[in-house]
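What follows is a set of notes on a single structure, which appears directly below.
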Amino acid sequence: MRHAQGGSSDAEQRLVRPRLVRRMSSALASGIALISGPHGSGKTTLASSWARGAGVELSWFEGRPDEDAAALERLSARLQGEPGAVAAALRGPASSDGETLEALTGLRHRHPGLRLVLIRGLGASLAASGSPVPPGSVITARTLAFTRPEVMQLAELVGAQVDDDTARRVLAHTGGYALAVDTVVRQLPSTGRLTPELLEETTDLLTGVVAEGVRDYAISAVGWQRMLHTAVPESLSMAQLAWIWDTDEPEVVLSLLEGAGMLQILTGAGEEPRLALVPALRAGLRRRAQVEMSRSRLRSVVLETATWLEEHGDLERAARLLQEHGHTDALAGWVHRHWLDLPFLPIGRTADLLRSLASSDRADGRVLVAHARMLTDVLQDGHDGQLRSADLRRAEVDIEAASIALPQDGAEALRAAIAGVKAVLARTRGEHDRALALHQEAIATVPAEHGQRLAPSLHAQAGLTALGLGDLSSAAHELARAQDLLAADASSYLSALVRELERLVAGYLGALHPSDDGGPLDEELSGSMPGWVRALADGSRLIAQLDVAGAWEALGRLPVATGAEDPPVLLVLRAQAEAMAHLLSGSPSAGLGSLDVIEALLHERVLSPFEATILRNTRAELLVAVGEPEVALAVLEEAGPPGGLVATLVRCLVLLALDRASDAAELMEPLLPSSSTWASTYPTWMLVMASLVLDEVGEQDRASVLLSRGVAIASRSGAMLPFARQGATRMAQLIDRARELRLDPASQTLLDALDVAKERMRLATVQARLSDRELVVLERLREAAATRRLAALLHVSPNTVKSQLQSIYRKLGVSTRVEALRAASLLGLFDESSPG
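Residue numbers (this note's numbering): 67 to 902.
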């Protein structure tokens, strides 16, 4: 036996942590505590630091029979006198030696002040302890592990600069194992940063600890082989852990390995647990497996693991495992079996393996088609929505090669997929009619047994092509068909993307309810294509309601445009939405600049007539807003006579701006509903524009009828944009005229909403003209109404304040401070977190 010394070692000063000392005190409330963990986890350091902090004399029993017997006598004698605070720490063989432990337990019963601390190594962490220690008095290796703040405190002690991110990386690699953390952090002052070589030192350290457990028989030979097998996959499910350890109680294995500080739980509460060995330990065990296992045995273990993952539906991890270990033959076989499933897997996880296989001698038809789909299918999980020229050229080569020699089995599915890729390639070349024909060929060729896996993306791609052609009804039909086929997999990436595309199309069809915000979207999808399509759909929906601020917030979620977007109609619709937002914000010149940028990006793309018409009409509307209707008319006339309703309405808008109402009436007359036609089947904008044109040519009665019907339809759809597209003056004219009509309550409510929107739009046009200083004055105006008080807050003279207020009133079109504050609030100029 030896007694604890008064001083503490450098290591103890570094590794002692108040959290653990408090935990130790709590554990010893029962009089006995068990500290278990592998060598280097800080067991002895904890016991010593607790004893020193508590002023307790600590006697050590090391498992040497003669010494322990004499020590027991001395401890008994000590307890017979005036014992004070005494504790016995048993480690090594003594912690489980029946005689020593039994004698000390008996001594504690006679002297309740005696506290027992059992210190056990790796074996106690990997097997249920039979010692009479209450669960609350057990401290495991997981408890001994460092936390992030503790890593940063340790770094401060050794004079190292460690930020939060570095501390997290140290913990992620070492699992918080004390000796490994100490090894890394102590060297940071000399290395200056966390290097791969520094982390590599902990790999051998942790592996050596586990190997030592095998030598000490804490881990059986079978358990060692299972540890090596556990290191093969990057992470495991509970079911996979049960399979590797051949147990019906994987929870027990998890508890033991986690308690030993070897295994981490990666997922949070409520989710399916995902487990992984501490990275440093896994890396070391993998190296040991390559040394201790024969090449054939290791290959067998990897293939067995991949097969198990595949059979349990974890295709992505099965492929990643095969790729990680370089089993190209097995990987090619995996692609043969699952090439239809690849679009449902994250593209970032499958792209590398398909590239490598497509360039190898194992690139048969299935591999080449899978690779071509990966390059061209923007609907694939994780695709960035852009098709680059090099990828398109490679896809054409792959498809041509795959078409030459199709395998006999699965040939029909391959033909359908090939036609689908050819359709996308045709669309990118501007061959829209050919693309539609290829889409239909692909859909018709899909074998029934592959319908659920192949047909949804084919229908969705057909919907995108139809959208680019302006055939919104066909687009909606194809997308709805895709969604029906995905009903059994409603949580998939493809299903989420198709839903957002449906909302986008519904908005342009006027079938999207104003309150339809799509519901919650998975946070992981917000930065990918479903999130971008939602942003575009939301921006368009909010513009239709004249919610300019909300529209800009939605459009601000879109990524930077590149011109490589597929299909280009999505970029065209974005250009139109941003232009309308600028128009409603009173900044049409900025809208023209934004439109110029997108048109430049699309310069080399072959656009469909529909896409080209949208850009042309949008430019014409912006030109009218900046006071250049002559230029707008020239832009429209360059394309010839207007084709379609929207083009006609834009032409009429331009003609009205040129004071050519009679020409506009002549152009519109064939489109107007007759007395026998129910006008509710007509778009609101046509009815509104017709009422303006007819009013200008003196047909007020017909104008009133059409306007009342337009207001009634808009009151049900929530679309207010048709009243604002002609500019603020025309909008005011329409509202005033409508209020003179006999309208139902819903229509009156719409007019009230239009009044509010009109005021918001009017103020938005002056917002940009307010200087930064005037914005500060407005903010302070909420705090102080009196001129002198306001001047004191702004550190200027009262006369300066008066001058600034007059400038603000003039720009806002108001005459009092109350009106100025109301206008600023309506514009959203105030920080709501500030007082006022």
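From the three backbone atoms N, C-alpha and C, an ideal C-beta is built for every residue, glycine too.
Being a predicted model, the structure only gives us computed values, none of them experimental.
L737 CB to nearest heavy atom of the ligand FMN below 7 angstroms: The ligand FMN is not among the ligands present in this structure, which contains no ligands whatsoever.
V626 burial status per 10 Å Cβ neighbour count (16 or more: buried): Note on V626: under 16 other CB atoms within 10 angstroms of its CB, so exposed under the neighbour-count rule.
Alpha-carbon to alpha-carbon, L322 and A207: For A207 and L322, the gap between their C-alpha atoms comes out near 10 angstroms.
Pair within 8 angstroms by beta-carbon distance, A246 and A346: Yes, the Cβ-Cβ distance between A246 and A346 is below 8 angstroms.
Boundaries of the alpha helix (DSSP H) in which L552 is found, first to last residue: It is not in any alpha helix (DSSP H) - L552 carries neither H nor E in the DSSP assignment.
Rounded Cβ spacing between V367 and V298 (contact assumed at less than 8 angstroms): 6 angstroms between Cβ atoms; contact.
DSSP-derived helix/strand/coil call for E123: Correct three-state label for E123: strand.
Limits of the beta strand (DSSP E) - the one that V754 falls within: No beta strand (DSSP E) holds V754; the alpha helix (DSSP H) holding it covers 750-762.
Contained alpha helix (DSSP H) runs [length at least 4] in the stretch 198-268, N- to C-terminal order: As far as the stretch 198-268 is concerned, its whole alpha helix (DSSP H) runs of at least 4 residues are 207-210, 214-224, 230-240, 244-257.
Own chain residues within Cβ distance below 8 angstroms of L711, not counting five before or after: Same-chain partners within the cutoff: L737, P749, M752.
Closer than 8 angstroms to chain C by CB, H449: Within the model displayed, chain C is absent; a lone protein chain is all it includes.
Unbroken alpha helix (DSSP H) run spanning A151, endpoints: No alpha helix (DSSP H) holds A151; DSSP gives it neither H nor E.
Residues bridged to S540 [DSSP beta-bridge criterion]: In the DSSP output, where bridge partners are listed per residue, S540 has none listed.
Whole-angstrom distance between I609 and L773, CA atom to CA atom: C-alpha separation (whole angstroms): 21 angstroms.
Extent of the continuous alpha helix (DSSP H) run through A501: Taken as a continuous stretch (DSSP letters only), the alpha helix (DSSP H) holding A501 covers 498-511.
Coil, strand or helix - V344 by DSSP: If DSSP states are grouped into helix, strand and coil, V344 belongs with coil.
Contact under 8 angstroms by Cβ, H498 with L524: No Cβ-Cβ contact shorter than 8 angstroms links H498 with L524.
Own chain, CB closer than 7 angstroms to T882, minus 5 neighbours either side, in chain order: For T882, where only same-chain residues beyond five positions count, there are no Cβ hits under 7 angstroms.
Residue(s) in a DSSP beta bridge with S102: Listed as beta-bridge partners of S102 by DSSP are R186.
Exposure of P788, with buried meaning 16 or more beta-carbon neighbours within 10 Å: Classification for P788: buried.
Backbone CA spacing between L112 and G325 [nearest angstrom]: The alpha-carbon atoms of L112 and G325 are separated by roughly 17 angstroms.
Stretch pair the stretch 89-102 + the stretch 310-322: three plus CB contacts closer than 8 angstroms: No, the stretch 89-102 does not touch the stretch 310-322.
Where A193 sits in the DSSP three-state scheme: With a pLDDT of 49 at A193, under the threshold of 50, the predicted position of this residue should be treated as unreliable, though the coordinate-derived value follows. A193 falls in the coil class under three-state DSSP.
When V672, R685, A630, E631 are compared against A656, the one with the closest alpha-carbon: Nearest option by C-alpha distance: R685.
Cβ neighbour criterion (16 or more within 10 Å) applied to V663: Answer is exposed; the Cβ neighbour count stays below 16.
Rounded straight-line distance, which links the Cα of L458 to that of A691: So the alpha carbons of these two residues sit roughly 40 angstroms apart.
Integer Cβ distance of G187 from F212, believed to fall under 8 angstroms: Rounded, the Cβ-Cβ distance is 19 angstroms, inconsistent with contact.
Beta-carbon contacts of G534 that lie in its chain and below 8 angstroms, excluding the five residues immediately before and after: If we look at G534 and ignore the five residues flanking it on each side, its Cβ neighbours are R493, H498, P633, P634, V635, S674, F676, E677.
Secondary structure of L895, DSSP reduced to three states: Coil.
Identity of the residue in R252, H669, V843, V444 nearest G529 by Cα: Looking at the Cα atoms, V444 is the closest of the given residues.
Beta bridge counterpart(s) of L302 as assigned by DSSP: In the DSSP assignment, L302 is bridged to L341.
Exposure of N865, with buried meaning 16 or more beta-carbon neighbours within 10 Å: The residue is exposed, with fewer than 16 neighbouring Cβ atoms inside 10 Å.
Range of the contiguous alpha helix (DSSP H) that encloses Q518: Element bounds for Q518: 517-534.
Pick from A135, G119, A120 that is closest to W126, judged by C-alpha positions: Answer by Cα proximity: A135.
Backbone secondary structure at E631 - three-state DSSP: E631 carries a strand assignment under DSSP once its states are collapsed to helix, strand and coil.
Secondary structure of D157, DSSP reduced to three states: Per the sequence shown, residue 157 should be read as Arg rather than Asp. Here R157 sits in strand by DSSP.
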